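So the structure is just underneath, and the comments pick up after that.
Protein chains: 2
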Amino acid sequence: MTDDELDLDAVATLRGAVLRLGRRLRYQTVGDADLSATELAVLGRIGLCGPLAPSALARAEHVKPPSMTKVIESLEDRGLVRRDPHPTDGRQCLISRTEAGETFTAQTRERRTAWLAQRLDELDEPDRRAVLAAAPALQRLADLP
Amino acid sequence: MTDDELDLDAVATLRGAVLRLGRRLRYQTVGDADLSATELAVLGRIGLCGPLAPSALARAEHVKPPSMTKVIESLEDRGLVRRDPHPTDGRQCLISRTEAGETFTAQTRERRTAWLAQRLDELDEPDRRAVLAAAPALQRLADLP
DNA sequence: TATTGTTATACTCTATAACTATA
DNA sequence: TATAGTTATAGAGTATAACAATA
């Protein structure tokens, strides 16, 4: 393999593995948590980026603004997010997590991490080492624009 | 870090990266066909496991039998799957992909692989190397029971 | 006039309950 | 009687179009 040519078989393996693993991770919590995937994603997004306007949340989570309006309403009804006025722009508002929202996000993250840690524990040592060594690079890969 | 204790920070990083990357990969589909996530998953599942009964597909894709009935109807209407009688049990039927279904699945896989290859190309060399090196281990991780 | 957010309405996907046919 | 699959109906989640308020 040369420097400027990717091994497409390895890429295909990676694609399949990430899709299946991501799928199984998403099922952790979907079952007993009463939140939809987008509601969960919005809580996580705010944790990642800080308070955001509804339009920014809609863009980030690939839904349309009217859908995001409903998602925010639902989260607000459950006391998981709060709506504050934008400091300079009267049209906008900023959505933040409440303390309950932060707790909830932390619990979900913990549960998924625990599930993943259990799976990792079932790998042999070289595999586990390779996967964990690649984690920061995978993070940069996932966060590419 | 000792041998029998996982670095939970690294596991958390991995969790986030796999979830985000999987999410972006799922968005890469064959545009003009307009299949739902479950329809796409069913085509992939049959490719993975061979012809399956509707009830088995429902279990595998975490939907209820009546939902799977509709998914199969839709795929059948598009000519992507075929319904054959079960050889010994008159109640059951077996869902297989048509040639068009196989072509479609291959195209989707190709497109997602191409998207991922492009992203990998934007990483620096050590990151790319780490990720590709971990691909087989990630596959084993994703396929754990 | 353009942008942010909401309301009104319709469509898609999935679930539960009830029904048919076969084992 | 139990199981596989379908039909009928209802409930989420999301989209488009139209509207109100602010820049």
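Residue numbers (this note's numbering), protein chains in the order written: chain A, 1215 to 1359; chain B, 1215 to 1359. We treat Cβ as the ideally placed atom computed from N, Cα and C, and that holds for glycine. Predicted model only: the values in this text are computed from it and were never measured.
#1: In chain A, which residues lie less than 7 Å from B/R1229 when you measure between Cβ atoms?
#2: B/E1253 CB to nearest chain A CB: under 9 Å?
#3: Just to confirm before moving on: does the CB-CB distance between B/T1312 and B/V1277 stay below 9 Å?
#4: Tell me whether B/L1271 sits in a helix, a strand or coil according to DSSP, three-state version.
#5: Can you name the residues that DSSP bridges to A/I1286?
#6: Below 9 Å between beta carbons: does that hold for B/T1319 and B/G1258?
#7: So B/P1265 packs on B/I1309, CB below 8 Å; how close in whole Å?
#8: So that I know if they touch, is there some Cβ in chain B lying closer than 9 Å to that of A/T1216?
#9: Tell me whether the segment 1336-1348 of chain A and the segment 1223-1239 of chain A touch, counting them as touching only if at least three CB pairs, one residue from each stretch, are closer than 8 Å.
#10: Determine which residues share a DSSP beta bridge with A/C1307 and list them.
#11: Could you check whether the Cβ of A/R1273 sits closer than 9 Å to any Cβ belonging to chain B?
#12: Straight-line CA distance for A/E1290 to B/D1298?
#13: Could you check whether the Cβ of A/Q1321 sits closer than 9 Å to any Cβ belonging to chain B?
#14: CB-CB under 7 Å to A/G1245, same chain, minus the five flanking residues each way: which ones, in chain order?
#15: Using a C-beta to C-beta distance shorter than 7 Å, which residues of chain A count as neighbours of B/E1336?
#16: Counting only Cβ pairs nearer than 9 Å, list the residues of chain A close to B/G1236.
#17: For B/T1327, count the other beta carbons within 10 Å of its own beta carbon; 16 or more makes it buried, fewer makes it exposed. Which is it?
#18: Can you tell me the Cα-Cα spacing of B/A1347 and A/L1346, whole angstroms?
#19: Output needed in chain order: residues of the segment 1341-1355 of chain B with a Cβ under 7 Å from some Cβ in chain A.
#20: Closest by CA to A/L1355, which one among B/A1344, B/R1333, B/L1352 and B/L1358?
#21: Hey, out of A/D1335, A/T1302, A/L1294 and A/Q1353, whose CA is closest to A/T1317's CA?
#22: Note down, in chain order, every chain A residue with its Cβ under 8 Å from the Cβ of B/A1226.
#23: My understanding is that A/C1307 touches A/A1267, with C-beta atoms under 8 Å, so please give their C-beta distance in whole angstroms.
According to the structure shown:
#1: Correct list: L1239, R1326, T1327 and L1330.
#2: Closer than 9 Å: no.
#3: B/T1312 is not a Cβ neighbour of B/V1277, given a cutoff of 9 Å.
#4: helix
#5: According to DSSP, A/I1286 bridges with nothing at all.
#6: yes
#7: With 8 Å as the limit, B/P1265 and B/I1309 qualify as a contact, their Cβ atoms being about 6 Å apart.
#8: Summary for A/T1216: the model assigns pLDDT 45, below 50, so the residue's position carries little reliability, and this model does not support an answer.
#9: no
#10: According to DSSP, which records beta bridges pairwise, A/C1307 is partnered with A/P1299.
#11: no
#12: 49 Å
#13: Chain B contact via Cβ: absent.
#14: Reliability of the predicted coordinates at A/G1245 is poor, the pLDDT of 45 falling under 50, and the value obtained from them is presented with this limitation in mind. Apart from sequence neighbours up to five positions away, no residue of its chain approaches A/G1245 with a beta-carbon distance below 7 Å.
#15: L1358
#16: V1232, L1233, R1234, L1235, G1236, R1237, L1239, R1240 and A1356
#17: buried
#18: 11 Å
#19: D1341, A1344, V1345, L1346, A1347, A1348, A1349, P1350, A1351, L1352, Q1353, R1354 and L1355
#20: B/R1333
#21: A/L1294
#22: The answer, in chain order, is R1323 and T1327.
#23: 7 Å
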